[in-house]
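Protein chains: 2
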Amino acid sequence: MAEEVKLLKTWSSRFGLRVVWALKLKGIQYEAFDEDLSNKSALLLQYNPVYKKVPVLVHNGKPISESLVILEYIDETWKQNPMLPQHPLEKARQRFWAKFNDEKLLPSISGIFTKEGKEREEAVAASLENLKFVEEELKGKKFFGGEKIGLADLVFGWLANLICVFEEVLGFKIIDERFPLLLAWMKEFSQLPIIKDNWPPHDKMIIKYQEQYDKYHPAK
Amino acid sequence: MAEEVKLLKTWSSRFGLRVVWALKLKGIQYEAFDEDLSNKSALLLQYNPVYKKVPVLVHNGKPISESLVILEYIDETWKQNPMLPQHPLEKARQRFWAKFNDEKLLPSISGIFTKEGKEREEAVAASLENLKFVEEELKGKKFFGGEKIGLADLVFGWLANLICVFEEVLGFKIIDERFPLLLAWMKEFSQLPIIKDNWPPHDKMIIKYQEQYDKYHPAK
Numbered sequence: 001m002a003e004e005v006k007l008l009k010t011w012s013s014r015f016g017l018r019v020v021w022a023l024k025l026k027g028i029q030y031e032a033f034d035e036d037l038s039n040k041s042a043l044l045l046q047y048n049p050v051y052k053k054v055p056v057l058v059h060n061g062k063p064i065s066e067s068l069v070i071l072e073y074i075d076e077t078w079k080q081n082p083m084l085p086q087h088p089l090e091k092a093r094q095r096f097w098a099k100f101n102d103e104k105l106l107p108s109i110s111g112i113f114t115k116e117g118k119e120r121e122e123a124v125a126a127s128l129e130n131l132k133f134v135e136e137e138l139k140g141k142k143f144f145g146g147e148k149i150g151l152a153d154l155v156f157g158w159l160a161n162l163i164c165v166f167e168e169v170l171g172f173k174i175i176d177e178r179f180p181l182l183l184a185w186m187k188e189f190s191q192l193p194i195i196k197d198n199w200p201p202h203d204k205m206i207i208k209y210q211e212q213y214d215k216y217h218p219a220k
Numbered sequence: 001m002a003e004e005v006k007l008l009k010t011w012s013s014r015f016g017l018r019v020v021w022a023l024k025l026k027g028i029q030y031e032a033f034d035e036d037l038s039n040k041s042a043l044l045l046q047y048n049p050v051y052k053k054v055p056v057l058v059h060n061g062k063p064i065s066e067s068l069v070i071l072e073y074i075d076e077t078w079k080q081n082p083m084l085p086q087h088p089l090e091k092a093r094q095r096f097w098a099k100f101n102d103e104k105l106l107p108s109i110s111g112i113f114t115k116e117g118k119e120r121e122e123a124v125a126a127s128l129e130n131l132k133f134v135e136e137e138l139k140g141k142k143f144f145g146g147e148k149i150g151l152a153d154l155v156f157g158w159l160a161n162l163i164c165v166f167e168e169v170l171g172f173k174i175i176d177e178r179f180p181l182l183l184a185w186m187k188e189f190s191q192l193p194i195i196k197d198n199w200p201p202h203d204k205m206i207i208k209y210q211e212q213y214d215k216y217h218p219a220k
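One line per chain: the protein sequences are A and B, in this order.
Heads up, the first sequence is in full-length UniProt numbering, so the first residue is 1 and it goes up one at a time.
Heads up, the second sequence is in full-length UniProt numbering, so the first residue is 1 and it goes up one at a time.
Here is the structure:
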């Protein structure tokens, strides 16, 4: 059957990137639609009426929303290069850490970027606590998936190159030598061809996040 | 192999109940440990060091946390009475709605209960908008899973009996005749033996939620 795969995303979205990487990992050809979120397309509103958010994967006309749901769909639909292991317990582990990234780690680190003063200090403390759990999980492993990357690697993947953007804009380090395993993972992960070849340009990211930073922290 | 299945929960937790129902649906014998969250057990801290929250399923000594992750684990480990359909697209649909419950519907309805004044009005508006999506999803279906209950039914399951507790304590209706399909589903779902036989006593729930309500809304 001729497959039709479309991906509605933005050029820089962390949630869209993980889907891009998953499709690349599977070797699936797709048509990308880069959305302007200040002027959402009719396609996006039609395909994701509940959240009106990217990413949306459209496979043979059927839309799937929510990036973690999309990753599972991709893994079940195209079996090559599995992102989830076979054993239910190992699957649960990857899902647990993916959820941890979205619900704990990502919001805490975003908080460092968007907040100020005491609230920023709290976000730093929460981020460090969360990063310690992630560091612990990497003990004895090359990737979160073990010897090969798995679903949790793609979900934590935003750290690998975006942290240095945050750090450059903020002017201080978030992930330093207190997290040697995570630093090693970031290096290893970001050098994988499917990641390296599908990462937004650093310069463009700096401009975008500098603008965001200025919006959150207007000159007084 | 002799199976050892333990479930750390509380007597009333919405997240724990969905796991209880899943185990009952599968016909799995388990030992329940009811936690006192003001004095968490060593077992809970050992098995869920990241969140220190219930529910935790412990299967042959291996802990699994986060209720949605646990439900998937149960479905993959014990194949009888599947909670997720075979087709990836139908699976994605159930996962989407389960996530929608946890991230949108449940927080919005909890907001009606915990907030006051303008904030409560906003929570009511958000809840109604979310409930409309749920109502729409039930069109042409008996259950969210189709003809039989699926994962999404267990996740939306708290609505079936807890809404009437909220409504009794609040003194007004949340789900009324604007949602005929949802009302029919609530009735159908709550009468299933695995649900009816495993629901905390209504009187005890009223006392618990009245106390919670009084805590959130102290007399001025």
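We treat Cβ as the ideally placed atom computed from N, Cα and C, and that holds for glycine.
Enumerate, from N- to C-terminal direction, the unbroken alpha helix (DSSP H) stretches of 4 or more residues contained entirely within the stretch 94 to 151 of chain A.
-> Segments of the alpha helix (DSSP H) lying fully in the stretch 94 to 151 of chain A: 106 to 114, 117 to 137.
Quick one: what does DSSP say Glu3/B is sitting in, helix, strand or coil?
-> coil
For His59/B, which residues does DSSP report across the bridge?
-> Val5/B, Lys62/B
Shortest alpha-carbon distance to Lys196/A belongs to which of Trp158/A, Leu181/A, Leu170/A, Ile206/A?
-> Trp158/A
So is Ala92/A in contact with chain B if we call contact Cβ pairs under 8 Å?
-> yes
Is Pro88/B close to chain A, meaning its C-beta is less than 8 Å from at least one C-beta of that chain?
-> yes
Answer with buried or exposed for Tyr73/B, where buried requires no fewer than 16 other C-beta atoms within 10 angstroms of its C-beta.
-> buried
Chain-ordered residues of the stretch 119 to 131 of chain B with a beta carbon less than 7 Å from chain A | Here the close residues number zero.
Collapsed DSSP secondary structure at Ala219/B in the structure displayed = coil
Cβ neighbour criterion (16 or more within 10 Å) applied to Leu8/B = buried
Per-residue DSSP class, three states only, for Asp197/A = Here DSSP, grouped into helix, strand and coil, assigns Asp197/A to coil.
Kindly indicate if chain B contains any beta-carbon less than 8 Å away from that of Lys62/A.
-> Yes, its Cβ sits closer than 8 Å to a Cβ of chain B.
Nearest neighbour of Gly146/A, chosen from Trp185/A, Asn130/A, Lys173/A [CA to CA] | Trp185/A
Beta-carbon neighbours of Val69/B, restricted to chain A and to distances below 8 Å = Ala92, Arg95, Phe96, Lys99
Have a look at the DSSP bridge pairing and note the partners of Glu31/B.
-> Lys6/B
Helix or strand or just coil, what does DSSP make of Glu177/A?
-> coil
Helix, strand or coil for Gly204/A per DSSP?
-> Checking the sequence, you will find Lys at residue 204/A rather than Gly. If DSSP states are grouped into helix, strand and coil, Lys204/A belongs with the helices.
Phe100/B versus Leu25/A, Val50/A, Glu76/A, residue with shortest Cα-Cα distance = Val50/A
Neighbour list for Tyr30/A in chain B, Cβ cutoff strictly below 8 Å = Simply none; closest approach about 16 Å.
Taking only beta-carbon atoms, is Val50/A less than 8 Å away from chain B?
-> yes
Pick from His202/A, Lys141/A, Asn198/A that is closest to Pro180/A, judged by C-alpha positions = The candidate whose alpha carbon is nearest that of Pro180/A is Lys141/A.
Does the separation of the CB atoms of Leu84/B and Ala22/B fall below 8 Å?
-> no
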